[in-house]
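Everything in the sequence shown is counted per numbering that gives the first Met the number 0, starting at 0 for the first residue and increasing by one. Scroll down for the structure; my scribbles are underneath it.
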Amino acid sequence: MSDKKKKMALHWKILIGMVLGLLIGIIAVKIDGADSHTAKQLVTDWIKPFGKIFINMLKLIAMPLIIASLIKGVSDLQDISKLSKMGFRTIAIYVATTVIAVTIGLVLVNTFQPGTGVSDATRDSLISKYAGEATQRISAASKQADKGPLQALVDIVPSNFFEAAADNRNMLQVIFFAVFFGIGLILIPPEKAQPVKDFFDGFNEVVLKLVDLIMLMAPFGVLALLAGLVVDAPSADLFKALLSYSLTVVAGLSVLIIFFYPAMVKLFTGKSPKFFFKGIAPAQLLAFSTSSSAATLPVTMERVEEHLGVDKEVTSFVLPVGATINMDGTSLYQAVAAVFIAQVMGIHLGLEAQLSIVITATLASIGSAAVPGAGMVMLVIVLNAAGIPEAGLALIFAVDRPLDMMRTIANVTGDATVSMIVAKSVDKLHEPKPKEWDDFA
Ligand code: ASP
C-alpha cells in the first residue's frame, strides 16, 4: 500500500507528457522560423507516429471491450425489464443533458455576441482561405442528410456481425448485437448460459488488463500527439481573429465540465466533485489529447467502473451508447458556431431559428461520430435548418481542432456523469475498489 502511495498519479504523468509535447512542438516551430521545415519535419517523422500508434492501440481494443462487457453486463441483469428500465432512463437523461448544453451555448453566444467584432476583411480572408475545406465537410454532411427519416434506425441493425465489428464507426450496430446476444443468454437455461458468461467475463478481464498496459504508455502517447498537433497548427494570427468565438465556446464547455456535471453528480449520487474529478481525470486528459470519445472509451469504462464505483452492468451499456450518441460538448459548440456564423454574416436569428438550433443541434450531436472533427460535419445540418449559409463553415475552420479537443472532454465527462446517475437510480453504485493488480492509482 505504502509502495503505491509513492507512485505519481496517472493524471499527473499524462499532464507532464502533454506539457512536454506542447513544448517540443513550440520549440520546433520556433527553430524553423518562417521558411524552414527541418525541425517540424523531424517531429512529424520521428515523434508524431507514436501518437498514431497510441490511438490505434486504444481503438484496437474498443470493439472487443464493448462486445465482452456488454454481453456480460446484459446477461447479469437477469431479467429483461431491468434492461428496458435502464435503457429508457439512459436515453432520457442523455437527451436532457444535451438540450441543457445547447441552451447554455445559445445563452452565451447571444450574450457575448462574438460575431459582431469580426471585421469584413477578416471575414472575407477566412472564407477564401478555408472555402475548400468547408466544401468537403458540406458534401460529407449532404450524404447524411439525403437519407430518409427512419434511416438512423435502419443503420443500427447490422446484416452481418463481422462486417459491423470491422469498422469502429459501427459501434451502435455492435452494441445492438451484443445486447441482443445478452438477451438470448438471459432466456436460455442457466446451466447452458454459465460457460458462455464465464468466457466473456474472462475475456473482459483480459481486455481491461490491456487498457492498463496501454495506459502505461499514455504519457508518451499524448506527448507525441500534442507535439504533432502543434507543428501542424495554422498560424497564431487566425486564432486571434477568432478569439472571442473560441472563448465563448470554451466558456460554455467550462460551465458544463466544471459546474454542471459535478453538480449533477453531487445532487443525484451524493459524491463530491473531488471524488468525481480524481476518478475521471485521466479519461478527460485523453479525450483532450485524442479528440475522440471513441478512442477514449476503453479508458472511460475502466475509470468509471474501478474508480467511480459504477457496476459493470451499467457501464457496459451506458458508456458505449453515450460515446456514440451523447455529445453535450459537440451540441453546445454547434449552437455557438451556428449563431456566430450568422452574426458575422449579418443574419438576424429570431426565436424560431434559435429553437430550430436547439432541436437540430441535439439531433446532430446524436448523429455525430465519436471521432475528431465529426461535430463540424454535422454542423452543416444545423446551419441548413436555421437558414445560415453553409459556406460560413470556413469562418470557424482555423480553430476547430483545439475546440474539438475541449468539446471531447465535455462529451466524455457527460457520459461518466450519466452513468453514475443511472447506476444510483438502479442501485448499482458502490464504493470503488481498484483491482489489486491495477497498475495505476
Ligand atoms: N471529437 C468529438 C468526439 O469524439 C466529436 C466532435 O465534436 O467532433 O467526441
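Where is the CB? At the ideal position from N, CA and C, for every residue including glycine. If you're wondering where the values come from, they're calculated on a predicted model, not measured in any experiment.
Three-state secondary structure (DSSP) of residue i
i	result
L484	The structure shown does not extend to residue 484, since the chain is modelled only from 0 to 440, so the question has no answer here.
V309	strand
L64	helix
L241	coil
L428	strand
I387	coil
P189	helix
L362	helix
I15	helix
I257	helix
V117	coil
I291	The amino acid occupying residue 291 in the given sequence is Ser; Ile does not appear at that position. In this structure, S291 counts as coil in the three-state DSSP scheme.
D123	helix
Q112	coil
V370	coil
I346	coil
A165	coil
S330	helix
A322	helix
L149	coil
V335	helix
I182	helix
Q135	helix
H36	coil
L171	helix
K6	coil
D438	Residue placement at D438 is poorly supported in this model, since its pLDDT is 47, which falls under 50; the coordinates are not used for a value here.
S271	coil
L209	helix
Closest residue to residue i among the options (Cα-Cα distance)
i	options	result
P297	A217, V357, D327	A217
A91	I324, G366, A336	I324
V195	K270, I66, T247	I66
G321	V18, P272, V94, D75	V94
A232	F53, L19, P401, K12	P401
S83	I25, V313, A334	V313
G16	A38, L224, A151	L224
T229	A8, V28, M7	Note that residue 229 corresponds to Val in the displayed sequence, not to Thr. The residue with the shortest Cα to Cα distance from V229 is V28.
L428	H306, S292, G374	H306
V248	V264, V108, A61, L14	V108
G104	V425, V338, I395	V338
L266	V417, A384, F53, M377	V417
F111	V381, F219, S245, F259	S245
V398	A240, I408, L215	A240
S330	T295, V343, V379, M300	V379
I420	S138, G391, P261	P261
A294	P319, L152, F274	P319
V309	K432, S141, D166, L14	K432
F180	L125, M404, K277, D75	D75
V303	V317, S124, S290	V317
I60	F202, Q150, Q342, I79	F202
N167	M56, I126, D200, G131	M56
I395	D123, L22, A33, G32	D123
F160	L171, S80, M263, S290	L171
Query raised in the report: How would the residue list near the ligand ASP read, in chain order, if you kept each one whose beta-carbon is closer than 6 Å to any heavy atom?
Result: S290, S291, S292, M326, T329, S367, A369, V370, P371, G372, A373, G374, D403, R406, T407, N410
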